[in-house]
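Chains as they are written, first to last, in the numbering used here: chain A, 2 to 268; chain B, 3 to 315.
Note that beta-carbon positions come from the ideal geometry of N, C-alpha and C, so glycine has one too.
All remarks here apply to the structure that follows.
In structure tokens:
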């Protein structure tokens, strides 16, 4: 077996407060393999998003990475000089956040936003960017004619797809998705995630998928980690974590989700 | 009275009289028909869920019921009286008191500079339910007790010191302070963690039952509707496409849009199949296309189960 793409070792993240430090992430360790879909579940405030930010060193004060290693192909991202880190962010690790659809620049046509990213990271010409953008739009199922539109001309679901398309345009090895569909309704959520699964299959990238919805996570992840108050209390194969959870908290998390009576309607 | 409401009410003859009734409500914004022919009844001690995707008109419907908007056609009744057009001041005030709202965002709907005590004592005072300090204090404690918060711990706190779920409980308590007959809850759990949602849904169900409130529960999550509401209306593109007893609609969904909605509810036992996205996307697009055209034809498919026939496109 080849070495995992990402190895997180004893990661600790503190929030510095007036009266000392609050440890939000406590000695968390896990691996994400190449082409693996890894899910991180837990309630708000459990530290799952804090980990997402710490991986690409996007933590802003008062958050402070207090210790541990984040190894990408064996290289510790926490020790990388800023210039080298710039080559990793987006290029090798892409990120899609919950409100990502609001991170598009409202004053720029979508095509220009593709070019902005592609020019900065790969030095692409305008024509090369246009070609790549058209290719990505086809992948996420948006007509290429709409590349000339502004963000407000798209629905929330489409904007979220555009962010995923821009992220994929650089062919990252890992995509971190932090509640990527929480703000969307269930049909649109399913449309987007089905596409992510297909793209993952064809492009082979790894995914760190963060959500509080265990049901959704179980539908698309290979392995799941469950967090409670900054600690990773359970990690396992999706079948084990969903059918035979070993930690009491995981069982409680499953039980808390409102379910359809006699669930399992035909698709 | 138009067909859908006649059908909808016919089966409910045995139930208590509705507090609020809507018949054939329409709302247009220029050429855009946000609501077409909405008919529903809110009854004491019962919950009705309005389910649909963003933009389907469910919030417009809530705004009309809460008098934050006016319909362009149709009629509204409150305790049997026609209140479609705002009438005399006293009657209007009585209606507004009787209908209270709980909003989606628990972080934006409390004033950050006031304590929880202030948020609850003010409506008690304004609506004449508590005169002096002692009565107010007792009222606040009583309200917090209703929503499962400890008055000794919570009353003196400020909104930022509470979690999202606790804040939503305070919002519910504030709505109760007015002693309403109808509670309109617009996506009250969609900004909360999955693990917190159930507690809020159970609270709403208990309040509805024990205080004999009529509850209108608005959501895009049909799974939560099943936990709260006896009846459900599935909306799409401003129309009611399928409605009736929640249990029946969920178990024997007949309209293609309801089926699509149900199929998209996350189910851990049905992992996504790689290579399936094009099929699902095409299917969803087709269902939206055939469900969109306006149609007046209602079909009764069960004792309390109705669907709108697909219109011609």
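Check: Opening and closing residue of the alpha helix (DSSP H) in which residue 284/B lies; Outcome: 279–293
Check: Cross-strand partners of residue 97/B (DSSP beta bridge); Outcome: According to DSSP, which records beta bridges pairwise, residue 97/B is partnered with nothing at all.
Check: Reference residue 122/A; option with closest CA among 170/A, 136/A, 104/A; Outcome: 170/A
Check: Cβ contact (3+ pairs, closer than 8 Å) linking the region 276–284 of chain B and the region 175–195 of chain A; Outcome: yes
Check: Nearest residue (CA-CA) to residue 120/A, options 111/A, 130/A, 112/A; Outcome: 130/A
Check: For residue 302/B, the first and last residue of its enclosing beta strand (DSSP E); Outcome: 300–304
Check: Sequence-distant residues of its chain with Cβ nearer than 6 Å to residue 74/B (five each side left out); Outcome: 28, 29, 30
Check: Cβ of residue 221/A within 7 Å of any chain B Cβ; Outcome: yes
Check: Span separating the alpha-carbon of residue 57/A from that of residue 130/B; Outcome: 56 Å
Check: Residue 65/A - containing beta strand (DSSP E), residue span; Outcome: 64–73
Check: Which listed residue (163/A, 235/A, 10/A, 220/A) has its alpha carbon closest to that of residue 75/A; Outcome: 10/A
Check: First and last residue of the uninterrupted alpha helix (DSSP H) at residue 225/A; Outcome: That residue, residue 225/A, is in no alpha helix (DSSP H); its beta strand (DSSP E) goes 224–229.
Check: Helix, strand or coil at residue 58/B according to DSSP, with G and I counted as helix; Outcome: coil
Check: Cβ distance (whole Å) where residue 165/A is taken to contact residue 209/A below 8 Å; Outcome: Residue 165/A to residue 209/A, Cβ: 14 Å. No contact.
Check: Candidates 6/A, 242/A, 25/A, of which the one nearest residue 14/A by Cα; Outcome: 25/A
Check: Pick from 87/B, 117/B, 34/B that is closest to residue 158/B, judged by C-alpha positions; Outcome: 117/B
Check: Distance CB(residue 38/A)-CB(residue 223/A) smaller than 7 Å; Outcome: yes
Check: Alpha helix (DSSP H) runs wholly inside the region 94–133 of chain B, at least 4 long, in chain order; Outcome: 118–128
Check: Neighbour flag for residue 95/A against chain B, beta carbons, 7 Å; Outcome: no
Check: The region 215–228 of chain B: positions lying closer than 8 Å to chain A by Cβ; Outcome: 222, 223, 224, 225, 226, 228
Check: Assigned exposure category for residue 183/B - 16 Cβ within 10 Å defines buried; Outcome: buried
Check: Where residue 274/B meets chain A, residues with beta-carbon distance less than 7 Å; Outcome: 194, 195, 198, 220, 221
Check: Interface residues of the region 250–273 of chain B facing chain A [CB-CB below 8 Å]; Outcome: 252, 253, 255, 261, 262, 263, 264, 265, 266, 267, 268, 269, 270, 271, 272, 273
Check: Local Cβ density within 10 Å of residue 228/A, reported as buried at 16 or more and exposed below that; Outcome: buried
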